[in-house]
Amino acid sequence: MIKDPTTGEYSQQATEAIVSSYYNELYSSSIDFSFSVPPSFELCSPFCIDEAEHALSQLRLGRSPGPDRISAEQIALAKSSVAHSLTVLLNSIKRGDPIPGSLTTAHVKLLFRRGDPNNINNFRPISLVSGVLKAVTRAVLNRIEGKLEEIESQAKLDSEEGTLLSITYMSSSKLPRRARSTTSQFMLL
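For the sequence shown, the residue numbers in my numbering are 230 to 418.
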């Protein structure tokens, strides 16, 4: 706990207020992320139940649940029932509907590292997010990985013709763990 600046005593309420203020400011964004899709751009196909089931099967078990209090084990047990609803959610997000606010809320737990316990910078935050959001993220990541692999294999097939261009991109299979740059050959026609 952190000392209340007005009373000088350790207080749960003061700790929560300081932590909430600190992380709300840290994670607040004033950047406009809106963009428009060119009319000639080919949109990806709708998500199917198989993709949702695969994403649900990839959830890591034994983790703490998020604000919805639904564990990965519970989702895994109800995979066949949850897959249809997840598919509907994925396709609504793909159409541009917002992600439900209940999924974007996280519980932040602080782990003390070392130093002065009254300094918020001496704590490491752990965000506990909804298992459903993890499944949504996994399904989207699987789709991106598949597309990158498709582009890379096509580039290898086409590499004997035309001019090669090296493009560095983030290998999506490493994104959840750590970012690594990978150079692949892409063809310029």
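Here a beta-carbon is modelled for each residue, glycine too, at the ideal position from N, C-alpha and C.
Quantities reported herein were computed from a predicted structural model and do not represent experimental measurements.
Using only the alpha-carbon positions, how far apart do residue i and residue j sit?
i, j, result
"MET230", "VAL358", "23 angstroms"
"THR233", "ILE355", "Note on identity: in this sequence residue 233 is Asp, with Thr being the wrong assignment. Those two C-alpha atoms are separated by around 23 angstroms."
"LYS363", "ALA305", "12 angstroms"
"THR333", "PRO294", "13 angstroms"
"ALA281", "LYS385", "30 angstroms"
"ALA243", "ALA335", "20 angstroms"
"GLY325", "ARG367", "18 angstroms"
"ASN347", "ILE247", "10 angstroms"
"PHE352", "GLY344", "9 angstroms"
"ILE328", "VAL361", "11 angstroms"
"THR235", "SER310", "52 angstroms"
"GLU381", "SER240", "55 angstroms"
"LEU339", "ASN350", "10 angstroms"
"ILE373", "GLU379", "10 angstroms"
"LEU288", "SER257", "27 angstroms"
"LEU377", "SER321", "23 angstroms"
"TYR251", "HIS283", "37 angstroms"
"ASN253", "GLY330", "15 angstroms"
"LEU318", "GLU302", "20 angstroms"
Taking only three categories from DSSP, how would you classify residue i?
i, result
"LEU357", "strand"
"ARG300", "One detail in the question is off: residue 300 reads as Ser in this sequence, not Arg. Three-state DSSP puts SER300 in coil, outside helix and strand."
"ILE349", "helix"
"HIS336", "strand"
"ILE231", "strand"
"SER382", "helix"
"LEU418", "Bear in mind that the predicted position of LEU418 carries a pLDDT of just 27, short of 50, making it unreliable; the figure below should be weighed with that in mind. Note: LEU418 maps to coil in three-state DSSP."
"ARG289", "coil"
"ALA307", "coil"
"SER274", "coil"
"GLY191", "Look at the range of the chain in this structure, 230 to 418, and you will see that residue 191 is not part of it."
Considering only DSSP beta bridges, list what residue i is partnered with.
i, result
"HIS283", "None; HIS283 has no bridge partner."
"TYR239", "LYS232"
"PHE341", "PHE352"
Counting C-beta neighbours from all protein chains within 10 Å, is the total for residue i 16 or more, i.e. buried, or is it exposed?
i, result
"THR316", "buried"
"SER249", "exposed"
"GLU238", "exposed"
"PHE341", "exposed"
"GLY291", "exposed"
"ALA307", "exposed"
"LEU285", "buried"
"LEU255", "exposed"
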